[in-house]
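Take the sequence shown: its position 180, counted from the start at 1, is 180 in UniProt numbering, and no numbers get skipped. Yeah, the Cβ is synthetic: ideal placement off N, Cα and C, and Gly gets one too. See below for the structure under consideration.
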Amino acid sequence: MNVKTVLILLVLALATIFALVCVLLTRGRAPSTCQHQPPEQEDTDDGQSLVFADLTPEEMAQVVRYLQGNLGVPLVDASRAKPSDNCIASVDVQVPAKAEVLRFLDGGGARPPREALAVLYFGNQPDPNVTEYVVGPLPTPVYHRDVTVRKYGGKVPYYRRPVTSKEYMDINALIQRELRKAPQFLAACCESDGTDLAILTTAPRGFKSGDRATWFVLFHGVVGSGYYLSPVGLEVLVDHRDLHVSRWQLRQVFYNGWYFASTGDLEHAFVANSLQVVRIKKPQAETVLGSMRPRRPPRSQGPLQYEPQGPRYSVRDNRVTFQGWSVTFGMNPNSGPRLFDIRYRGERIVYELSLQEAVALYGSNCPGGMSTRYLDGSFGIGRFAYELVRGLDCPYTATYVDRHYLAESETPKTNQNSLCIFEHDAALPLRRHFSDSQSLYYGGLRKNTLVIRAVSTLINYDYIWDFMFHSSGAVEVRVHATGYISSSFLHGRGTDYGNRVGPHTLGTMHLHHIHYKVDLDVDGQLNSLETQDMEYELVKDPWSMQNTIERPYLRRERLEREDEAAFPLNAPMPRYLSFASPKPNKWGHPRSYRIQIVSFAGEHLPTSSPMERSISWGRYQLAVTQRKEEEPTSTSIYNQNDPWTPTVTFADFIDNETITNKDLVAWISVGFLHVPHAEDVPNTVTVGNGVGFFLRPYNYFDEDPSVESPDSVYFSSEQDAGACGANPLACVPPAAACAPHLPPFRYGGFLNL
């Protein structure tokens, strides 16, 4: 072996020893903690967004104290109030009129007075009714004014009020008393004495205005699992219209296809052996249909999204800013998430973007299922947006925000961490191109979006509400449905209304329809509605006149009236429909924002139905109307319990007024038909069950605004793509070589139940 070979081997040995020493020295050493940098965009709001802010608990308490001392009538805490009492049903912020807000935000005007909207149930008076008061100014109220007649054209009858938790408790007590009249039947059918059965409400509650008779469906209750998949076949009709609870009555009983006048009659039929009973064993927690308990032990952790240099968005009070976006957020306890003053690059694009209503309409051959048309706003879409689970409902490192409400109590409640904000890497290019001819280069941009999310649990269903803001200037609104399906007891021709998903369980078909209000202000308040679509024209080839060609061309149209701009659900609609400003972009086209709907809604309730007008917004996938202060919402919480004479009828908004160069509102319906199937057990999955819409710039800019994004990537064949200076992706390994600071996992979502 010569000297050169020996030297080479010696160098290799030394290098190996050095590498091993480095490994030993660094083994077990934790990576450095990520160092956060402040977001590039500074917030210059100066508290202006607080003009839209939800009420604080302190403000709610002040309103309650003011009402208690200034109405001159006794008020009982709604949590224990009887129908014959007076109580404060809810308190929410009263958002000022748009003209006042814009004078303040844009014109240097005075800040509008801060006010609250209080809903009161007056049961202890000769003419029981629901009254709405505006109370102000906050934080120290000195006045209240009755706005009920101005808002609704008359008083709100008392029977339209939503059912309170106390009313449900009294109904449950009545049902339990009645069940005790059928002990042998309950033992045979359900291995139960009735006390362990879960009771589910339906709605609406009758067939005409003034009715308040509700079908309640009974299920086996199992601790730690959803009872919605375990019907026992028993349903009861309770009349609870009377103001005196002692006068409420159980009117009918349904079991396995048969109707009885009372539980006593049901018991007599069973004892006489004239009733066919399906004997259902009491389910066990370990084997119950619909259990969500894990069946496999946890393994390695999945991917974790985190920001190595800290969040690139900023949250201050009720406002979030991110790479040119500025969004004010809030939560209506009834209708759910609401956004205001959405701006991109300093220009307002949307004044208000708010959820209005969510309807679930069922089919079944059982009375409870076939009569169910839930209007979820009446139950409380925002109120039942509970705490989000860190790392599952939202990314672990998202920003979590508390929401406060006052409903059915004189004490404010807090749903902590019930709204989350995060930047989402979609793992998809927003745009990209690889050039393989003439010049060789790659250019692209990651699809990173700002997301504002809340999740509402409305009895069995969980709705995930997303509002997403893209660097292209687009806004994406999306809702996913998950949670448990509702079910009926399988009997007779039950599969005409769904699929069998358990031994005695019919997953009942239903439709979800969701309604949104979108008050677009595209380059100012005055907009028009323009449509574009394609047609073919048959023309002779200019270069070969003996031949013809089918040439597509663009058909442009400006819609002049509201009737033209009301597009029926599931009917053809122009593929391009835009809110257009009278001002042009650099290329001479009106600066516009396009509405693009993604939906596969079921059929709307026939207009011949006596309750259809209460959800008449569902007639239209899109309707554009003039914006009016007296038309703030498309529905009302009072529509659920009196859908036959609705308090708010959206169809009346469409009265053929001009929509040219006016302040316009787009009312958008999305939804889907859901026929439950075996794979909906234990829960409906979000895959394929998401709908929504986009607001996309259409000639609003002179080019794609995302070209200004600091996340853009470009390198050519002549550059070193692995150099951090040439390609920001090459900076990822050193930037991400740190450990994120993760807060300990905590959850308090069960505290307010």
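Secondary structure note for residue 448: its beta strand (DSSP E) is the uninterrupted segment 439 to 458. Under the three-state reduction of DSSP, residue 332 is assigned to strand. Counting C-beta pairs closer than 8 Å gives three or more between the segment 505 to 512 and the segment 477 to 497, which meets the contact rule. Positions of the beta strand (DSSP E) runs, each at least 3 residues long and wholly inside the segment 636 to 708, are given as 662 to 674 and 690 to 698 in order along the chain. The three-state secondary structure of residue 306, taken from DSSP, is coil. Secondary structure of residue 408 (DSSP, three-state): coil. Spatial neighbours of residue 693 in its own chain (CB-CB distance under 7 Å, excluding positions within 5 residues in sequence) are listed in chain order as 477, 595, 596, 597, 598, 668 and 670.
Just measuring C-alpha positions, the residue of 208, 229, 210 and 236 sitting nearest residue 176 is 236. In the structure shown, residue 560 falls within a coil segment according to DSSP collapsed to helix, strand and coil. The three-state reading of DSSP puts residue 718 in coil, since its state is none of H, G, I, E or B.
The beta carbons of residue 112 and residue 104 sit about 6 Å from each other, so the pair counts as a contact at 8 Å. Selection 418, 87 and 662 evaluated against residue 72 yields 87 as nearest (Cα-Cα).
The Cβ-Cβ distance between residue 655 and residue 562 falls below 8 Å.
By alpha-carbon distance to residue 125, the top candidate from 243, 740, 579 and 429 is 243.
At a Cβ-Cβ threshold of 8 Å, residue 445 and residue 709 count as neighbours. The closest CA to that of residue 287, considering only 705, 707 and 682, is found on 682.
The beta carbon of residue 395 is closer than 7 Å to those of 305 and 422 in its chain, skipping five residues each way along the sequence. Judged by DSSP secondary structure, residue 502 falls within the beta strand (DSSP E) whose first and last residues are 498 to 502. In this structure, 277 is the residue among 603, 277, 541 and 335 with its C-alpha nearest to the C-alpha of residue 191.
In the DSSP assignment, residue 274 falls outside any alpha helix (DSSP H), carrying neither H nor E. By the 16-neighbour rule on beta-carbons within 10 angstroms, residue 611 is buried. Around the C-beta of residue 426, fewer than 16 other C-beta atoms lie within 10 Å, and the residue is accordingly described as exposed. Unbroken beta strand (DSSP E) stretches of 3 residues or longer found wholly inside the segment 239 to 284: 249 to 255 and 258 to 260, given in chain order. Spatial neighbours of residue 741 in its own chain (CB-CB distance under 8 Å, excluding positions within 5 residues in sequence) are listed in chain order as 33 and 34. Taken atom to atom, the span from the alpha-carbon of residue 560 to that of residue 353 is near 24 Å.
Measuring C-alpha to C-alpha distances from residue 195 to each of 218, 294 and 374 identifies 218 as the nearest.
Of 96, 157, 605 and 70, the smallest CA-CA separation from residue 638 is found for 157. A residue is called buried once 16 or more other Cβ atoms fall within 10 Å of its Cβ, and residue 549, having fewer, is exposed. C-alpha of residue 746 to C-alpha of residue 417: approximately 10 Å in a straight line. According to DSSP, residue 596 shares a beta bridge with 694. Burial state of residue 392 is exposed, judged by a 10 Å Cβ sphere holding fewer than 16 other Cβ atoms. Between residue 583 and residue 541, the CB-CB gap reaches or exceeds 8 Å. Take residue 380, set aside five residues on each side of it, and the residues of its chain with a beta-carbon closer than 7 Å to its own are 333, 334 and 407, in chain order. It is roughly 26 Å from the alpha-carbon of residue 116 to the alpha-carbon of residue 664.
For residue 378, the uninterrupted alpha helix (DSSP H) run begins and ends at 376 to 379, by DSSP. If you ignore the 5 residues before and after residue 641, its C-beta comes within less than 8 Å of the C-beta of 159, 160, 161, 162, 163, 203, 204, 205, 212 and 378, all in its own chain and listed in chain order.
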